[in-house]
Amino acid sequence: AANNGGSCQTCQATRYQDQMAGVGRDCRSVSDDASCLKSGRIDAVTRGDYLSGSACAFKPWLSGVVCCRDQIPTASRSDNLAMRLILTSGWTELDADEVEEPGLHPVQFLTSHFVTLLGGLHGQNQGSSYPIAKLESQNVPIATLIFIAPTAVEDTVHPNHFLDVLIQPSGEIFVKSILSFVSVSLDGITFPTISTRSLYKGITLQSGFVQLNPMDPIAYFRGDDDIIRLTGAVKLVSDCSSMCLVFVCPLPNTWKRTHTATFVVSTSQVHVNIHPDGSVFLVTGKQNDVLLFNRVILLPANEQSQIMTVFRPWTATTYEPSCMRSQVGTIHLRGRVTFDGAGQFSTLPIVQLPLDYRPSFTIKQPISCGTVGRTQLCSLVINSEGKLFVNTEQIDENGFWVSFDGVTFGGYTVKSEISVLGNAALEVTGSAAVNLS
């Protein structure tokens, strides 16, 4: 860093950025400028050092230097390059020893129409008014959005806890949770860019339901790959005892789907069933319940879908579990399985993805699950072997079902840039690892 003009800035061999900021009793206090520290002097070199040919370089009298915090690199909007989220003070990415599988750093990436978040982080919960991270300015939403997310790491007190993630138009990300120390998985949180949001088409609500946010009304978008995405939040005006029609999503005549999909739309165990004709039914709900449709994705019948291998004692239903890849490389899951055994099933893999569809990092997302007559909220874990596991507080029993609708991941590139100065040995581990020396 340089101390020119009373402010800390990047040190460069220019007239106004050449006074390298040093610390320690031997530093030469030569500048008439105010210090960029609150107190004390930090100047290390004389004025005009940019003319010396050694600006911003080591000086014999230096005891230490002040450094600039690394800047978050930006990427072009067209290359699907994953960029790290800007984490706020007190929040960090998960340590390697906190998860059994490799996890992805908290990142954001942009496709042609959508921004997607991935990765897990944790920190001290200071309340819903304190952000945990911030998006790059080009990735902010047009209005405040709310998503359901599971904890990234489970413990004995809260083995299956869920929380609301709020993303503001400022790009700041907040969480709402009762826990004092919070971990959160951002995997699969996806929302439209500001320009894409203008392409969404509005949907008429049935009586008994109102828009939660006029800036983000319930709407749908049909992409070039025929995938339909919903956005918006709806508030329930009165109690719903069973299967209340919320709205009908208009579907084109050429769009075909053969099974009813189930989605979780609230941390309060609220779910909706979406029928092949686009009718959206609330399973059950209480007055003032909020239904969040930001994770709802409708997949058309697709001959390119790949069937997933089901492990016993799980059994595929007629809504066979499968996966498909969109035009931008994002992988989407759907289908339903039932548990036909007895005992603890959270340690048993349910299905396995085909080799080309497996993630490089552990993925964790909320899903619908339940038993006959009861729907609940579970978390789905996908490891790097492509095996899917379910976590739930529900006592295991025969006939328990799990829905994969709405699970999505992939479609991004993780890139690292490394500069080595001087003599150094560098080891890179992971897939396609190389040794450099």
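Each residue of the sequence shown is one higher than the last, beginning at 490 in this note's numbering.
Even for Gly, the Cβ is constructed at its ideal location relative to N, Cα and C.
Return the CA-CA distance between residue 566 and residue 889, expressed in angstroms with no decimal places.
Unreliable positioning characterises residue 566 in this predicted model, as indicated by a pLDDT of 41, which lies under 50. A coordinate reading is not provided.
Query - Nearest-angstrom beta carbon gap, residue 855 and residue 637 [assumed within contact, 8 Å] - result: Yes, residue 637 and residue 855 are in contact; Cβ-Cβ is about 5 Å, under 8 Å.
Q: Would you identify the three-state DSSP class for residue 700, choosing helix, strand or coil?
A: The answer is strand: DSSP assigns residue 700 an E or B state.
*With 16 other Cβ atoms within 10 Å as the buried cut-off, status of residue 750*: Residue burial annotation: residue 750 is buried, with at least 16 other C-beta atoms found within 10 angstroms of its C-beta.
How about the region 610-626 and the region 684-703: do they share at least three Cβ pairs that are nearer than 8 Å?
Contact between the region 610-626 and the region 684-703 is absent: fewer than three C-beta pairs spanning the two stretches fall below 8 Å.
task: Consult DSSP for residue 808 and reduce its assignment to one of helix, strand or coil.
output: Coil, per DSSP.
Applying the 10 Å Cβ sphere with the 16-neighbour rule, what's the burial state of residue 499? It counts as exposed.
query: Cβ atoms of residue 607 and residue 898: under 9 Å apart, would you say?
result: Yes, the pair counts as a contact, with Cβ atoms nearer than the cut-off.
- Item | Boundaries (first-last residue) of the alpha helix (DSSP H) holding residue 717 | Boundaries for residue 717: no alpha helix (DSSP H) harbours it, while the beta strand (DSSP E) harbouring it runs 717-720, taken from the DSSP string.
task: Look at the alpha carbon of residue 623 and the alpha carbon of residue 753, and state the distance between them as a whole number of angstroms.
output: Distance between the alpha carbons of residue 623 and residue 753 is about 26 Å.
| query | Run through DSSP, which three-state label would residue 846 get? | reply | Shown here, residue 846 sits in a helix according to DSSP, grouped into three states.
* Asked: So, is residue 845 buried or exposed, given that buried needs 16 or more other C-beta atoms within 10 angstroms?
  -> By the 10 Å Cβ count, residue 845 comes out exposed.
### Query
Leaving out five residues before and five after residue 775 in sequence, what residues of the same chain have Cβ atoms less than 6 Å from its Cβ?
728.
Confirm, please, whether the CB-CB distance from residue 873 to residue 847 is below 9 Å.
-> Against a cut-off of 9 Å, the Cβ pair of residue 873 and residue 847 comes out as a contact.
Helix, strand or coil for residue 543, going by three-state DSSP, please let me know. Here residue 543 sits in coil by DSSP.
- Do residue 876 and residue 838 have their CB atoms nearer than 9 Å? A contact, by the Cβ cut-off of 9 Å.
Would you list the one or two residues that DSSP bridges to residue 860?
-> Bridge partners of residue 860: 863.
Exercise for review: May I ask you to report which of helix, strand or coil DSSP gives residue 501?
Suggested key: The three-state reading of DSSP puts residue 501 in coil, since its state is none of H, G, I, E or B.
Exercise. If we count the other Cβ atoms within 10 Å of its Cβ and call it buried at 16 or more, is residue 861 buried or exposed?
Worked result: Counting of Cβ neighbours within 10 angstroms places residue 861 among the exposed residues, the total staying below 16.
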